[in-house]
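Here's the structure, in structure tokens; my notes come after.
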Amino acid sequence: MTRAIGSDAVIGVIGAGAMGAGIAQVAAQHGHRVFLADAIPQAITKAMEGHIKAMAREVEKGRLDRPAADAVLKRFTYVNGVGADELREFAGCALVIEAIVEDLHTKQGLFKALEQVIAPDAVLATNTSSLSVAALAGACAHGDRVIGIHFFNPAPVMALVEVIPALATAPALVAECRALMERWGKVPVVAADTPGFIVNRIARPFYGEALRIFEEGIADAATIDWAMTTLGGFRMGPFELMDFIGNDVNYAVTRSVFEAMYFDPRYRPALTQRRLVESGWLGRKSGRGHYMYGTDAPTSQPTQDEALGRVIVDRIVAMLINEAVDAVQLRVASPADLELAMTKGVNYPRGLLAWGDQLGASAVLATLESLQQEYGEDRYRPSPLLRRVAKQGGKLLP
Ligand code: NAI
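Quick note on numbering: the numbering used here labels position 318 of the sequence shown as 336, and the sequence is numbered without any gaps.
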């Protein structure tokens, strides 16, 4: 049995990088005492400065008064290092969330070390984006206390949190974590312990199919981005978003999902993106990606051809809907959680199942079948559930 994680619970966060510092901030802003550790002292200094700045901003914006902001800052204990002595500081934590480097052996080692110091009923959570939660639970003496709590970047801003039980996770812990995330002002959804969980799985065609359309010379990046934003209603086009995320990061996620799915062609990464990464054209952060950045950078003008744009949007959206329907069939998430995840996690203009119903399951099926016929590739195979709904005339979103 794991203990209840009440509002007075002490929370531990290991890894004080982009995610860990943000998660620690969310916990402290919701009244918890928080211990935050990192292997590198500079990371701790940076996190501490970040927290001071974040609280100053809260005061400036009138969301907190100064005494309340100071009270939040007082709740942090920063721990330099993750040796046995440092980890002993985490002995009183009801929940420890790890947000260290994305490496299975390092994370397993950390959980094993934490099990030596935390209470037998304390919870261990991972913020991993791509590793299996089962592989972490399996390395622990008490796998029933291990769960995935996957925040999005930046953690204080993004509402969505995926809660991921492993096979061994105590069932009651799912409800406990869901309730905790709601108290932290988040929108929690429950995802199966499958590659990419919900968002990083379902969103793959947003990038992959756009890259495919680009590779075939059907349209250039600017035209595809124009079509997806202006006609499709997405906040950002696939190419500007890849450049924003970083082509290295986006490519690594695609590759990891592809490999973890036993090389299912539906998730195959694009050579175009690999070449960008190899060239160091990582996107905004390196000054060049699909586009060029900087004051003198030329701007790319889209061909504002609405008929062509509609073809592009229909194709990418059909692939996204197919992915969502398949995830429902394979019980990756409930239909309601799936819709929440895509709208709250990546700001899609609407839930993909509802979008499929609006277009009609038969129309989506027809788009996929025509692609499958044209290319003869398994990449475009329609989900059996999409076929069934199209045939029986029901709804994709019950
Ligand atoms: P980051 O590189 O900004 O931070 C990682 C921190 O962990 C660094 O400060 C590093 O010094 C520290 N660290 C590395 N190994 C350690 C160890 N053995 N013990 C203690 N500290 C250690 O990385 P980021 O982006 O914060 O990612 C952390 C985790 O969160 C990863 O598992 C990642 O997959 C996941 N994640 C990342 C998201 C993102 O958009 N950056 C979104 C959601 C999850």
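Yeah, the Cβ is synthetic: ideal placement off N, Cα and C, and Gly gets one too.
Top-ranked residue by Cα proximity to residue 216, from 378, 60 and 167: Here residue 216 refers to the residue found at position 198 of the sequence shown. Nearest of 378, 60 and 167 to residue 216, Cα basis: 167.
Under 8 Å by Cβ, that's how I've got residue 369 and residue 415 pegged, so tell me the actual separation to the nearest angstrom. Locating residue 369 in the sequence shown gives position 351, where the first residue counts as 1. Locating residue 415 in the sequence shown gives position 397, where the first residue counts as 1. About 7 Å; that satisfies the 8 Å criterion.
Count the other CB atoms, across all protein chains shown, that sit within 10 Å of the CB of residue 50; report buried if there are 16 or more and exposed otherwise. Position 32 of the sequence shown holds residue 50. Buried.
Buried or exposed: residue 175, going by 16 or more other Cβ atoms within 10 Å of its Cβ? Translated into positions along the sequence shown, residue 175 becomes position 157. Exposed is the call here.
Near residue 300, what residues of its chain come up, given a Cβ to Cβ distance below 7 Å and the 5 sequence neighbours on each side ignored? Here residue 300 refers to the residue found at position 282 when the sequence shown is read from its first residue. 264, 265, 266 and 307.
Beta-carbon gap between residue 140 and residue 186 smaller than 8 Å: One-based indexing of the sequence shown puts residue 140 at position 122. One-based indexing of the sequence shown puts residue 186 at position 168. Taking 8 Å as the Cβ cut-off, residue 140 and residue 186 do not qualify as a contacting pair.
Nearest-angstrom Cβ-Cβ length linking residue 52 and residue 42, presumed shorter than 8 Å: If you number the sequence shown from 1, residue 52 lands on position 34. If you number the sequence shown from 1, residue 42 lands on position 24. The Cβ separation is near 5 Å, so the contact holds.
May I ask you to report which of helix, strand or coil DSSP gives residue 116? Within the sequence shown, the letter at position 98 stands for residue 116. Note: residue 116 maps to strand in three-state DSSP.
Could you give the C-beta distance for residue 330 and residue 231, rounded to a whole number, given that I count them as a contact under 8 Å? The residue labelled residue 330 in the question sits at position 312 within the sequence shown. The residue labelled residue 231 in the question sits at position 213 within the sequence shown. Contact holds; Cβ gap of about 6 Å.
For residue 56, which beta-bridge partners are listed by DSSP? Residue 56 sits at position 38 when you count from the first residue of the sequence shown. Bridge partners of residue 56: 98.
Let me make sure I understand the geometry here. Which of 337, 137, 212 and 184 has the alpha-carbon closest to that of residue 280? Position 262 of the sequence shown, counted from the start, is the residue given in the question as residue 280. Comparing Cα-Cα distances from residue 280 to each of 337, 137, 212 and 184, the minimum goes to 212.
Between the C-alpha atoms of residue 383 and residue 277, what's the straight-line distance to the nearest angstrom? As a first step, residue 383 is located in the sequence shown; it is residue number 365 there, counting from the start. As a first step, residue 277 is located in the sequence shown; it is residue number 259 there, counting from the start. Approximately 27 Å, taken between the alpha carbons.
Using only the alpha-carbon positions, how far apart do residue 203 and residue 372 sit? For the purposes of this step, residue 203 is taken as the residue at position 185 of the sequence shown. For the purposes of this step, residue 372 is taken as the residue at position 354 of the sequence shown. Going by the C-alpha atoms only, they are around 25 Å apart.
Using only the heavy atoms of the ligand NAI, determine whether one of them is closer than 7 Å to the beta carbon of residue 233. By 1-based counting over the sequence shown, the position of residue 233 is 215. For the ligand NAI, not one heavy atom lies less than 7 Å from the Cβ of residue 233.
Under 7 Å from any heavy atom of the ligand NAI, does the C-beta of residue 56 make it? Position 38 of the sequence shown, counted from the start, is the residue given in the question as residue 56. Correct: residue 56 has its Cβ closer than 7 Å to the ligand NAI.
Less than 8 Å between the C-beta atoms of residue 184 and residue 161, yes or no? As a working note, residue 184 is residue 166 in the sequence shown. As a working note, residue 161 is residue 143 in the sequence shown. It is a contact, given that the beta carbons lie within the stated cut-off.
Straight-line CA distance for residue 72 to residue 200? As a first step, residue 72 must be located in the sequence shown, where it is residue number 54. As a first step, residue 200 must be located in the sequence shown, where it is residue number 182. Approximately 22 Å between the Cα atoms of the pair.
Short check: CB of residue 205 to CB of residue 178, under 8 Å? Taking the first residue of the sequence shown as 1, we reach residue 205 at position 187. Taking the first residue of the sequence shown as 1, we reach residue 178 at position 160. For the 8 Å CB-CB criterion, residue 205 and residue 178 form a contact.
Do you know how far the Cα of residue 243 is from the Cα of residue 251? Along the sequence shown, read from residue 1 onward, the residue named residue 251 stands at position 233. Along the sequence shown, read from residue 1 onward, the residue named residue 243 stands at position 225. Looking at the two C-alpha atoms, the distance is approximately 11 Å.
What are the boundary residues of the alpha helix (DSSP H) that includes residue 127? The count along the sequence shown starts at 1 and reaches residue 127 at position 109. It spans 122 to 133 - the alpha helix (DSSP H) in which residue 127 sits, taken as one unbroken run.
Out of 55, 214, 302 and 219, which one is the CA nearest neighbour of residue 257? Here residue 257 is taken as the residue at index 239 of the sequence shown, counted from 1. Residue 302 is the option with its Cα nearest to residue 257.
Who are the near neighbours of residue 390 in its chain, counting only those whose CB is closer than 7 Å to its CB and skipping five residues on each side? In the sequence shown, counting from the first residue as 1, residue 390 sits at position 372. Contacts found: 398 and 399.
Would you kindly check if the distance between the Cβ of residue 130 and the Cβ of residue 155 is under 8 Å? Locating residue 155 in the sequence shown gives position 137, where the first residue counts as 1. Locating residue 130 in the sequence shown gives position 112, where the first residue counts as 1. Contact flag unset, no.
Give a single yes or no on whether residue 254 has its beta carbon closer than 7 Å to a heavy atom of the ligand NAI. Stepping through the sequence shown from its first residue, residue 254 is reached at position 236. Checking every heavy atom of the ligand NAI against the Cβ of residue 254, none is found closer than 7 Å.
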